[in-house]
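First the structure, in the form of structure tokens, and then the observations on it.
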Amino acid sequence: MPDHDENRHYRGRFAPTPSGELHFGSLVAAMGSYLDARSHRGEWCLRMEDLDRTREVKGAAKSILLTLEKFGFQWDGEIVYQSQRNAAYTDAVDRLLAARLAYPCGCSRKQIEKRADSGAEGAIYPGTCRGGIANGRTERSIRVLTTGQTITIEDSLQGLISQRLNREIGDFVIRRADGYHAYQLAVVIDDAWQGITDVIRGVDLLSSTPRQHYLQRLLKLPHPEYAHLPLAVDDRGRKLSKQYKDAPVDPARPIESLLHALNFLNQPLPPQCPDSLEAFWEWAVTNWSLAKVPGHLQIPAASRRNLKSLR
Ligand code: GLU
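Its first residue numbered 1, the sequence shown is counted upward by one per residue in the working numbering.
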């Protein structure tokens, strides 16, 4: 586990994508990040990742916020909406282009698939437009130049993770052909802008972390601490049923869902059912221990294949 300086100012966050209602998996991510922040007497920020309007479900952002409120989560400061942060992403892309750390690409998905090797996250871009847009093509997306350097990250729950981006991922897209900035870029810009020191989220995002670490390095941004929470198994290692994991949580019975989530994170449960949300949170914050969260877990196959755990 990395050493934590208990005196540093802690700022955590929860960053849901409004592509549906809050479900059990996102409640677990919200709770893990919230409890870790509050137990460090830190702040907890909310960011609505509504960057990709094609994935947004109407009303989902509002419903997520309402549900979080009904569960008694209290966030600090204004909610950040990625849909309003376009200028910051454009500026970062321009800086990378000017430094020749990124380049315009004219290849379509089909053209790439014809020539590319397949990596854990799909086709590894073969570098066709690295030296300039290939003849007869026009600019579609912007890609960041990757190198063979090994990126190593110490995740508080998953241990050491390493990846060679050029071999395992390839030059990845930071601005998509449809004009939207990519999640990998936006998340890095916003975590830095919001002063996030600790990122606690689901293990499905573990395989994105080396790309984010790399972008932080290129853009000279600080690296937060990372902890990736388990998915899909409960504290006894039993696989959760799909319905249970994916079902929207019931804001009408918040304490029940909160206790389930706390149990999932392998935290001690209160001796009696708390009679209020305040009582629940007081117990949960006082008794929170990130070290108790199971780290050995079922990493989805897509994340596991391109990550080499050095543990
Ligand atoms: N918006 C992402 C999601 O809902 C989370 C991003 C992050 O925590 O970095 O899965």
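C-beta: ideal position from N, C-alpha, C; glycine also.
Within the segment 158–187, the runs of beta strand (DSSP E) at least 3 residues long that lie entirely inside it are, in chain order, 159–164 and 173–175. Sequence-distant partners of Arg38 (beyond 5 residues in either direction) whose C-beta falls short of 6 Å from its own C-beta, in its chain, are Val285.
For secondary structure counted as the alpha helix (DSSP H) over 4 or more consecutive residues, the segment 53–95 holds these complete runs in sequence order: 60–70. DSSP places Asp204 outside any beta strand (DSSP E), giving it a letter other than H or E. For His228, the enclosing beta strand (DSSP E) has its first and last residue at Glu225 to Leu229. DSSP links Asp117 through a beta bridge to Ile124.
Note on geometry: alpha-carbon atoms of Ile133 and Cys107 lie some 8 Å from one another. When DSSP states are grouped into helix, strand and coil, Ile112 belongs to the helix group. Contact check for Glu21 against Pro224 fails: the beta carbons are separated by 7 Å or more. Cβ neighbours of Thr138 within its own chain (closer than 7 Å, five residues either side excluded): Gly106. In this structure, Ser162 sits near Thr150, with a CB-CB distance shorter than 7 Å. Those residues that have a beta carbon less than 6 Å away from any non-hydrogen atom of the ligand GLU are, in order along the chain, Ala15, Pro16, Thr17, Glu49, Val187, Arg201 and Leu205.
Counting along the chain, Leu46 sits inside the beta strand (DSSP E) bounded by residues Glu43 to Met48.
With a cut-off of 8 Å on Cβ pairs, the segment 64–83 is not in contact with the segment 168–178, counting fewer than three such pairs. In the DSSP assignment, Asp155 is bridged to Gly159 and Tyr226. Distance from the CA atom of Gly122 to the CA atom of Trp283, rounded to whole angstroms, is 44 Å.
Bounds of the alpha helix (DSSP H) holding Val28 are Phe24 to Ser39. The alpha-carbon separation between Glu56 and Tyr81 amounts to approximately 12 Å.
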